[in-house]
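No gaps in the numbering here: position 55 of the sequence shown is 91 in our numbering, and each next residue is one more.
Just so it is clear, CB atoms sit at the ideal spot from N, CA and C, and this is done for glycine as well.
The structure displayed is predicted, hence computed values, not measured ones.
Structure first, commentary second.
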Amino acid sequence: MRKTTPRAPLRVAAVLAPALPLAGCASRGAPSYVLFGAYFPLWLVSAIVGVVGAIVAHRVFVATGWAATVPYQLAVCTAIGLVVAVIVWLTGTGPFA
Numbered sequence: 037m038r039k040t041t042p043r044a045p046l047r048v049a050a051v052l053a054p055a056l057p058l059a060g061c062a063s064r065g066a067p068s069y070v071l072f073g074a075y076f077p078l079w080l081v082s083a084i085v086g087v088v089g090a091i092v093a094h095r096v097f098v099a100t101g102w103a104a105t106v107p108y109q110l111a112v113c114t115a116i117g118l119v120v121a122v123i124v125w126l127t128g129t130g131p132f133a
């Protein structure tokens, strides 16, 4: 006779393993801010602030005349907006929150 191993614990582990990363937001809830009486998630706030940062960077480049000398303006302004968004995200979720 052939011995078989019980597969029930493996099935339970396979079902529960994908749920383990979901426990990360359970302690304090999702980071959000109250703006105009509504709760906005922090990722949305940081994305909007990042887009505004990229637009401001482009306007500064045009106003100072750097737009003619800076190559790849789209990439540079996008990078500046991304840095601004990451700074907003880190200040909202980091040790200073």
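Status (buried if at least 16 other CB within 10 Å, exposed otherwise) for residue i
{"i": "Ile116", "result": "buried"}
{"i": "Val120", "result": "buried"}
{"i": "Ala90", "result": "buried"}
{"i": "Ala1", "result": "Nothing in the structure corresponds to residue 1, since the chain is present only between 37 and 133."}
Integer Cβ distance of residue i from residue j, believed to fall under 8 angstroms
{"i": "Trp125", "j": "Ser82", "result": "4 angstroms"}
{"i": "Leu56", "j": "Gly86", "result": "30 angstroms between Cβ atoms; not a contact."}
{"i": "Leu78", "j": "Thr129", "result": "7 angstroms"}
Sheet register partners of residue i (DSSP bridge)
{"i": "Ala74", "result": "Leu71"}
Residue from the options with nearest C-alpha to residue i
{"i": "Val122", "options": "Trp102, Ile84 and Tyr75", "result": "Ile84"}
{"i": "Thr114", "options": "Val88, Ala104, Thr127 and Thr105", "result": "Val88"}
Three or more C-beta pairs below 8 angstroms linking the segment 89-97 and the segment 106-115: yes
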